Amino acid sequence: MNLYRTSLSALALSFTLFACSFINSPEDLIEWEDDIGSGGNMGGGPAANGNNTGGAPSGGNDNTGGAPSGGNDNTGGAPGQPAPTSGLIVLAAQNKTLTERFLTVLDAQDGSELLREKLPAVSLAYDGAPGRFAWFIFTSSAISPEANTRAELQVRRYDDQDTQWLTLSKTASLPPPVLKSTQGAAPRTEDSGLFRPAVLNHRLAYISQTINNGIAEQSLTILNTSDLADVSLISSERIPVNETILGLVGRRGTELDAGSVGGSLSVLVGRPCLDDPAKRCIVARPFTVSKGGIDELQADSLGTYEGVPAFASTPVLPPEVMRPFPNVIKSLGAYAIFYDPTSTSAQWLQFDPADPRRSQNASSLPNSNSKVFYNFAVSECLAAGVVSSLTLDAIHLANGNVLGIDTQSSSVISIEPFQTNLLTMDSTLVADKVVKAFQIETIGGITDKKITLAPRSNWQSPTDLVGVFIAQRTVDQAPCK
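Just so we're aligned, residue 5 is where the sequence shown starts under this note's numbering, counting upward by one.
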């Protein structure tokens with residue numbers, strides 16, 4: 005079993021991954037159209053176009069003529085860089101006395117530890133685009149660094165044969181990444197889930213801390229990763245201090261050119277609703293990232309909320325690949341789950357990171373009144389959502405049934421796109437294993453169908469670590485098998 009992002013042989017690699025979901029009811033079924041070629045994902049989908057910026061801070065002289073990344077465009081990936089043949093899990097962690105920090109590599113088949121090194125890693129991302137296959141590893145002096153400190157980004161490849169890292173570059177003096185929200189209107193009564201970097205085409209976006217006129221603020225920071233050997237800072241877009249950052253979602257490229265440099269992002273913030281300032285609204289602030297720079301577009305509200313909402317991006321495969329699966333519909337690119345005080349129930353919806361005004365009407369989860377959702381992940385194959393709240397819960401998105409899985413919450417959950425494999429990472433001192441693996445399954449009949457998780461047998465994850473951050477890679481395999 006190979007965990008994390010799925011790309012689908014030579015046919016699928018000629019497209020960029022987007023985002024998808026399954027039907028909520030029979031009337032949701034629509035036919036695939038042949039004019040779709042859009043999208044991307046946060047986890048490193050294929051990028052069809054190359055560029056050669058040499059690390060120029062302005063975005064440089066991007067050449068989007070269509071060469072695969074890592075080919076003849078001087079992007080830091082040698083031509084013919086072989087694709088990985090096995091899954092991999094990389095973990096930023098610390099020991100249970102919280103005195104040492106590590107970067108550890110786990111086998112995706114059984115969770116066994118392949119390599120461990122002392123490194124103050126704090127945030128991770130993987131770019132699985134053809135020819136790149138690169139890991140982005142942020143290090144900083146503290147897991148929650150102060151705004152006046154700086155972080156380093158290491159770009160690496162993992163040598164599966166020798167079980168060793170190859171470092172391609174180190175970029176120092178970057179704004180430190182933020183793992184969760186630290187700003188908002190005082191007194192703060194809300195929180196956020198874990199912030200993941202967004203991997204775009206030759207760009208990397210993350211939530212950071214910066215200093216503006218002596219005041220610590222959270223920002224959206226964009227890096228130029230065209231040349232993996234020479235990563236550079238493009239800009240940091242400040243988020244007003246009266247807004248609470250709740251999450252970050254993104255996708256590669258544009259609808260018209262999936263392989264174009266950059267992509268689309270939405271920074272999700274919490275702030276007073278315009279029509280009723282006494283209430284809090286989730287507002288999506290969209291940005292387009294291109295070779296020409298960064299542009300902020302019109303923001304839009306996704307709804308009122310209380311507590312802690314969570315967000316997810318999932319890839320969509322091209323229509324030629326997914327046509328044999330008639331229950332798949334075209335998605336808008338991202339998911340949100342939150343407690344809506346107006347309906348006094350949990351809600352989930354889809355929205356377009358590039359244009360949040362394109363949002364699907366929220367669907368209620370009638371037997372869930374939780375207000376806290378730290379992480380959210382979606383299994384397209386089973387119309388399943390798994391959410392980390394005060395417990396670990398599985399949701400059948402078509403009928404709203406919620407089934408409690410574990411009495412302990414997990415800091416991070418991740419479902420391998422178009423498969424039924426789930427990873428959880430625990431950041432508590434009481435966890436028996438730092439990473440757990442599950443198989444997502446359905447139980448019950450048509451009207452009372454529920455989602456459950458079966459623990460993977462013979463899972464050998466380390467027991468002496470506390471998780472900080474997790475990222476994974478997958479290899480090509482058929483969807484929903």
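Idealized CB from N, CA, C, for every residue including glycine. Keep in mind the model is a prediction, meaning the values are calculated, not measured.
Option in Ala458, Gly297, Asp356 with minimal Cα separation from Thr318: Residue numbering aside, residue 318 sits at position 314 when the sequence shown is read from its first letter. Nearest C-alpha to Thr318: Asp356.
Arg136 versus Asp166, Pro88, Leu336, residue with shortest Cα-Cα distance: Taking the first residue of the sequence shown as 1, we reach residue 136 at position 132. The shortest Cα separation from Arg136 among Asp166, Pro88, Leu336 belongs to Pro88.
Range of the contiguous beta strand (DSSP E) that encloses Asn205: Indexing the sequence shown from 1 puts residue 205 at position 201. First-last for Asn205: undefined, no H or E at that position.
The region 282-300 contacting the region 341-358, beta-carbon criterion three pairs below 8 Å: yes
Proximity below 9 Å, CB of Tyr309 to CB of Gly389: Taking the first residue of the sequence shown as 1, we reach residue 309 at position 305. Taking the first residue of the sequence shown as 1, we reach residue 389 at position 385. Cβ distance not < 9 Å, so Tyr309 and Gly389 don't count as in contact.
Whole-angstrom distance between Arg207 and Ala262, CA atom to CA atom: Position 258 of the sequence shown, counting from 1, holds the residue named residue 262. Position 203 of the sequence shown, counting from 1, holds the residue named residue 207. Their backbone Cα atoms lie some 14 Å apart in a straight line.
Where Cys277 sits in the DSSP three-state scheme: What you label residue 277 is simply residue 273 of the sequence shown in a count that begins at 1. Note: Cys277 maps to coil in three-state DSSP.
Neighbour-count burial assignment, Asp280, 16 or more Cβ in a 10 Å radius: Against the sequence shown, residue 280 aligns to sequence position 276. Burial call: exposed.
Inter-residue CB distance, Val438 and Ser465 (contact presumed, cutoff 8 Å): Taking the sequence shown and counting its residues from 1, the one referred to as residue 438 is at position 434. Taking the sequence shown and counting its residues from 1, the one referred to as residue 465 is at position 461. Correct: roughly 6 Å between the Cβ atoms.
Contact belief for Ser363 with Leu401 at Cβ below 8 Å, rounded distance in angstroms: Here residue 363 refers to the residue found at position 359 of the sequence shown. Here residue 401 refers to the residue found at position 397 of the sequence shown. In fact, because the Cβ distance is near 16 Å, the residues do not count as touching under 8 Å.
Close beta carbons around Leu301, own chain, < 6 Å, minus the five adjacent residues each side: Mapped onto the sequence shown, residue 301 falls at position 297. The residues are Pro290.
DSSP bridge partner residues for Tyr486 (one or two, in chain order): Since the displayed the chain opens at 5 and closes at 485, residue 486 lies outside it and no answer follows.
Counted within 10 angstroms of its Cβ, other Cβ atoms place Glu104 as buried (16 or more) or exposed: One-based indexing of the sequence shown puts residue 104 at position 100. Glu104 is exposed by the Cβ-count criterion.
Minimum C-alpha distance to Gln453 - residue among Thr395, Pro421, Val434, Asn405: Taking the first residue of the sequence shown as position 1, residue 453 is located at position 449. The sequence given here places Lys at residue 453; Gln does not occur at that position. Nearest of Thr395, Pro421, Val434, Asn405 to Lys453, Cα basis: Asn405.
Simplified DSSP assignment, three categories, for Leu386: Here residue 386 refers to the residue found at position 382 when the sequence shown is read from its first residue. Leu386 falls in the helix class under three-state DSSP.
Arg161 classed as buried or exposed, judged by whether at least 16 other C-beta atoms fall within 10 angstroms: Looking up residue 161 in the sequence shown gives position 157. Arg161 is buried by the Cβ-count criterion.
CA nearest to the CA of Leu427, picked from Val94, Phe315, Gln98: Locating residue 427 in the sequence shown gives position 423, counting from the first residue. Of Val94, Phe315, Gln98, the residue nearest in Cα terms is Val94.
Contacting residues, own chain, Cβ-Cβ under 6 Å from Arg120 (five flanking each side not counted): Indexing the sequence shown from 1 puts residue 120 at position 116. So the qualifying residues of the chain are Phe106, Thr108.
Reference Thr229, options Trp169, Leu157, Leu278, Phe342, closest by Cα: Locating residue 229 in the sequence shown gives position 225, where the first residue counts as 1. With distances taken between Cα atoms, Thr229 lies closest to Leu157.
Span separating the alpha-carbon of Gln476 from that of Val159: What you label residue 476 is simply residue 472 of the sequence shown in a count that begins at 1. What you label residue 159 is simply residue 155 of the sequence shown in a count that begins at 1. Straight-line Cα distance between these residues: approximately 15 Å.
Spatial distance of Leu353 from Ile341 (CA atoms): Mapped onto the sequence shown, residue 353 falls at position 349. Mapped onto the sequence shown, residue 341 falls at position 337. Roughly 7 Å between the two C-alpha positions.
Alpha-carbon to alpha-carbon, Leu110 and Ser264: Taking the first residue of the sequence shown as 1, we reach residue 264 at position 260. Taking the first residue of the sequence shown as 1, we reach residue 110 at position 106. So the two alpha carbons sit approximately 33 Å from each other.
Nearest to Ala435 (by Cα), restricted to the options Gly448, Leu457, Gly408, Leu469: On the sequence shown, position 431 is the one that residue 435 refers to. Here the closest residue by C-alpha is Leu469.
Helix, strand or coil at Gly296 [DSSP, three-state]: For the purposes of this step, residue 296 is taken as residue 292 along the sequence shown, with counting starting at 1. Coil.
Beta strand (DSSP E) runs wholly inside the region 75-148, at least 3 long, in chain order: 92-99, 105-111, 117-122, 125-131, 138-143
Continuous beta strand (DSSP E) stretch holding Gly254: start and end: Residue mapping note: residue 254 aligns to position 250 of the sequence shown, counting from 1. Taken as a continuous stretch (DSSP letters only), the beta strand (DSSP E) holding Gly254 covers 248-256.
Limits of the beta strand (DSSP E) - the one that Ile219 falls within: Against the sequence shown, residue 219 aligns to sequence position 215. 219-228 is the span of the beta strand (DSSP E), which, as asked, contains Ile219.
DSSP state of Glu259 mapped onto helix, strand, coil: In the sequence shown, counting from the first residue as 1, residue 259 sits at position 255. In this structure, Glu259 counts as coil in the three-state DSSP scheme.
Alpha-carbon spacing of Ser461 relative to Ile474, whole angstroms: Residue numbering aside, residue 461 sits at position 457 when the sequence shown is read from its first letter. Residue numbering aside, residue 474 sits at position 470 when the sequence shown is read from its first letter. Distance between the alpha carbons of Ser461 and Ile474: 21 Å.
C-alpha distance - Phe442 paired with Gly115, whole-angstrom precision: Along the sequence shown, read from residue 1 onward, the residue named residue 442 stands at position 438. Along the sequence shown, read from residue 1 onward, the residue named residue 115 stands at position 111. Taking the straight line from one Cα to the other gives about 12 Å.
Glu194 in three-state terms, based on DSSP: Sequence index remark: in the sequence shown, residue 194 carries index 190 (1-based). Interpretation of Glu194 is limited by its pLDDT of 49, a score under 50 that renders its predicted location unreliable; no figure is taken from the coordinates.
Counted within 10 angstroms of its Cβ, other Cβ atoms place Pro179 as buried (16 or more) or exposed: For the purposes of this step, residue 179 is taken as residue 175 along the sequence shown, with counting starting at 1. So Pro179 ends up on the buried side.
Environment of Met46 [buried if 16+ CB atoms lie within 10 Å]: Numbered from its first residue, the sequence shown carries residue 46 at position 42. Bear in mind that a pLDDT of 32 at Met46, under 50, signals an unreliable position, so the number given afterwards is only what the model happens to contain. Buried: at least 16 other Cβ atoms inside 10 Å.
For Asp468, the three-state DSSP class (helix, strand or coil): Taking the sequence shown and counting its residues from 1, the one referred to as residue 468 is at position 464. The answer is coil: DSSP assigns Asp468 none of H, G, I, E or B.
Val182 to Glu445 span [Cα, whole Å]: As a working note, residue 182 is residue 178 in the sequence shown. As a working note, residue 445 is residue 441 in the sequence shown. Val182 and Glu445: Cα-Cα distance of roughly 34 Å.
Own chain partners of Cys277 with C-beta closer than 8 Å, once the 5 adjacent residues on each side are dropped: Locating residue 277 in the sequence shown gives position 273, where the first residue counts as 1. Here the set comprises Lys283, Arg284, Cys285, Ser305, Thr308.
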